Structure formats: C-alpha cells, structure tokens
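Structure record follows, encoded as structure tokens.
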Amino acid sequence: MIYSLSSLRDLLKSMIASTRLVALVVDFFGTDAFDVANGVNLPSYLFFPSPAMILSFCFYLPKLDEMVSCQYRDLREPIQIPGCVAIPGKDLVEAVEDRKSDTYKWFLQICKMYSLAKGIVVNSFMDLEPGAIKALQEEPGCPPIYPVGPFVRTGSSDTVGDGSHCIIWLDDQLRGSVLFVSFGSGGTVSRYQLIELALGLEKSGQRFLWVVKSPDDESAKAVFFGVSSLNDLLNYLPDGFLERTKGRGLVVPSWAPQAQILSHDSTGGFLTHCGWNSTLESIVNGVPLIAWPLFAEQKMNAVMLTEDIKVALSPKFDENGLVVREEIAKVVNILMEGEEGKQIGIRMQHLKEAAVKALKQEGSSAKALSELALNWKNVTV
1 MIYSLSSLRD LLKSMIASTR LVALVVDFFG TDAFDVANGV NLPSYLFFPS PAMILSFCFY
61 LPKLDEMVSC QYRDLREPIQ IPGCVAIPGK DLVEAVEDRK SDTYKWFLQI CKMYSLAKGI
121 VVNSFMDLEP GAIKALQEEP GCPPIYPVGP FVRTGSSDTV GDGSHCIIWL DDQLRGSVLF
181 VSFGSGGTVS RYQLIELALG LEKSGQRFLW VVKSPDDESA KAVFFGVSSL NDLLNYLPDG
241 FLERTKGRGL VVPSWAPQAQ ILSHDSTGGF LTHCGWNSTL ESIVNGVPLI AWPLFAEQKM
301 NAVMLTEDIK VALSPKFDEN GLVVREEIAK VVNILMEGEE GKQIGIRMQH LKEAAVKALK
361 QEGSSAKALS ELALNWKNVT V
C-alpha cells in the first residue's frame, strides 16, 4: 500500500482535473491513503467488509491495549466489546495473538486511524447486529457508520469455474437434506483432521457436498491459492470413503459454486469456516450453520453466531486440537435432524427475512446507503 501512494496521488489529481470526484473509499487496511486524499481535498471513507462487531473491537482495542498488560489469551474473563457478546481472549482476531509482534503494533495503529475517516461503510445490517452498530454510533470520536449490508454474491455471479455437476447432483436430492461443507477459498485442515472429518460425515449418515482441499499440517491458510484434483485428494481421504458414501455424498476438489449451492432448495446446512462473506451468504439464504473457524477474525464470528444470534452449532475440539469423528457425526445429526437444529433453522429464517427487509426501499440498509449517497452528492471539492 505504502509504495503505491505516489501513484494514487497522481491518479487522483488527474481524475479531479477531468471529472467530479466526491470521495475516496479505501479498504479497511488502506488507511495510509487518508493523507493522500486530504492532500487533494477529498474526503476519505472506509469500507469495512467484516461484521460491525469486529469494527467495534477495532475502536475498543486502543483502550484495551492501555488497560491490559498481559497477553489477551491469558485473561481469565472474556472481553466485553461495546455492544457485543463477550469474547474470550483466545478467540480474538489473529492479528492480536502476540502483543509483542510487529503485526500487533501495525494492527493497533490501523485501528487508531479509523477515527480519521469521514464515514465507515459496514457490510452488515441493523437487525443482525443492533448492539454493535448502536455502540459504534454512540462511540466518542467514531465517524458516522453506514450499515448497508448484506453485500453478497448471487448464484448467477459464481463465475470462477464450472460447478454445474454440483447443481445437477443437488437437483436429485431431497429438499433441505444436504450438508454443504466448505472452508472457504483458501482454508484447509490437517491431514489427521481431514480423515476425522471424512469419517464423521460418513458416520452421520447424512447427505453432504464437500469441497476438499489438500491438507496442510502447518497452516490453515496454506493452500489459499492452491488447486487440487480429485486424484490428488485420494491420497488423503480414508480408503474406500468415496465408494462407501457414493450416492449420498459428493466430494468436489478445490472449488464449488458456493452462492448457487447455498441458494439451492436441497441445501439444509452449512459447515463453514465462518468467513463473513460465507456467513452473509448463509443468512440471505436461510441456511443454518456448523461453525468451524480457522483464522483471521473467524473465531470472533463463530462466537457471535453460536452464542449471540444462535444460528450455529459449534463442535468440540479434543485435547489434541482435533474434532473427532464421533463429535462431527453428532453435531451434523443435531443440525440436520435434531430439535436444536430446527430451532436454529427458524432463527436463521427470521434473519433471512430481516436481510430482505433491510435492502428494500424503506429498509435500514437502503436508508443508510441513501444517506451516504446524499452526503456525497453535496460534497464540494
């Protein structure tokens, strides 16, 4: 980002000379561009693609940094972020795991810069996170907050690859009978966990569509840009697994059209890494969740989903950090057939309806976006 600032400055000057610019909207890690925008008399806005809970944590972090001397994971009590469910220190965003690290210092500085924005656009909506959004609106020094979500892909926008075989397979399944299993664009698990997950899905007896990536024992995000073939994955899956689950399970290497799958009538549950895009896609389609976070802010998202809005189940890890096959089978069956799973499904349907309402003309997100557009319309540069 720093190395591109001079080019950005030249580009903005050129554009201002030929067109009417009203604002510079930067990514939530792009705060270094604020000075560039100020230099050409352009207001800076922040687009925050994560939940309002994470944004509330970002504004709270400088205070927390002053109040606490130990590592956050060593705190005995959960951390009460304004307007949010209490979060155990071990579940905070990955960037604050080690307070002595350069990553922590960089993240802390980023958070301090947020107050310099003219406004912050958040990919969430009022009925989903009323506490966090209200807390931000009342936070001294916090810029205006514009919750305009949910911004999600639609099924027709899944254009990365050909996933038609997934949809054809889903077409042959009963309504709400399939558990979709995916850890996102780059998430993966260890080879031991991969085996336990496979055997757990088999043991559950439920139908599943599983997007599998090559395991990595070192990093949950090591294959972010990797691609696997089904033949590659045969080296990691349990012997005979594909044959034993043939007909009720479909294993897909590397990628599947997630938005189309989540919007399909046959999809009745989603085992997810709790990335925010995946979470919002689940909400707009009313698909209940099993929360299995891996990295970044996903553990915080999982706490919110399981303990606050209660639209997800959370499997238990053993002393070795594994979710064993018996636990996987139990949680899958509860979600797909149990009474608790039914209640989660009802709550998720209510959120789906709230998401639709938020985006309608008189909805909270539509009004927030209209307010933002009006502010930009009145900008004089």
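For the sequence shown, this note's numbering gives the first residue as 1, with consecutive numbering after it. Ideal Cβ placement from N, Cα and C applies to all residues, glycine included. The model shown is predicted, which means the values in this text are computed figures rather than measured ones.
Helix, strand or coil: which one does DSSP assign to residue i?
i, result
"tyrosine 3", "helix"
"threonine 267", "strand"
"proline 62", "helix"
"alanine 291", "strand"
"aspartate 32", "coil"
"serine 44", "strand"
"tyrosine 236", "coil"
"aspartate 392", "No information on residue 392 is available, as it lies outside the stretch 1 to 381 that the chain covers here."
"valine 379", "coil"
"proline 88", "coil"
"glycine 247", "coil"
"isoleucine 81", "coil"
"aspartate 318", "coil"
"leucine 21", "coil"
Let me check understanding here. Comparing Cα to Cα, which of the options lies closest to residue i?
i, options, result
"tyrosine 236", "Leu289, Gln258, Lys213, Glu353", "Lys213"
"phenylalanine 270", "Ile290, Val121, Gln298", "Ile290"
"lysine 310", "Met300, Val284, Glu297, Met348", "Met348"
"threonine 272", "Lys246, Ala312, Glu326", "Ala312"
"isoleucine 167", "Gly205, Ala259, Pro130, Pro238", "Ala259"
"alanine 355", "Ile110, Lys203, Gly149, Gly30", "Gly149"
"isoleucine 87", "Ile133, Ser56, Pro288", "Ser56"
"asparagine 301", "Leu250, Ala52, Val284", "Ala52"
"tyrosine 60", "Tyr114, Cys70, Asp232, Leu12", "Tyr114"
"asparagine 333", "Gly363, Ser164, Gly200", "Gly200"
Could you check the C-alpha separation between residue i and residue j for me, to the nearest Å?
i, j, result
"tyrosine 45", "alanine 117", "5 Å"
"glutamate 371", "valine 85", "29 Å"
"valine 331", "serine 314", "8 Å"
"tyrosine 104", "aspartate 98", "7 Å"
"valine 26", "glutamate 139", "21 Å"
"lysine 357", "proline 253", "36 Å"
"aspartate 91", "phenylalanine 151", "25 Å"
"threonine 245", "leucine 170", "15 Å"
"glutamate 339", "phenylalanine 208", "20 Å"
Going by DSSP, which residues form a beta bridge with residue i?
i, result
"phenylalanine 180", "Leu209, Phe270"
"alanine 312", "Leu289"
"proline 147", "Val122"
Count the other C-beta atoms from every protein chain shown that fall within 10 angstroms of the C-beta of residue i, then say buried if there are 16 or more, exposed otherwise.
i, result
"leucine 194", "buried"
"asparagine 135", "Per the sequence presented here, residue 135 reads as alanine, with asparagine not at that position. The residue in question, alanine 135, is buried, as its Cβ has 16 or more Cβ neighbours within 10 Å."
"alanine 256", "buried"
"tyrosine 146", "buried"
"cysteine 111", "buried"
"lysine 299", "buried"
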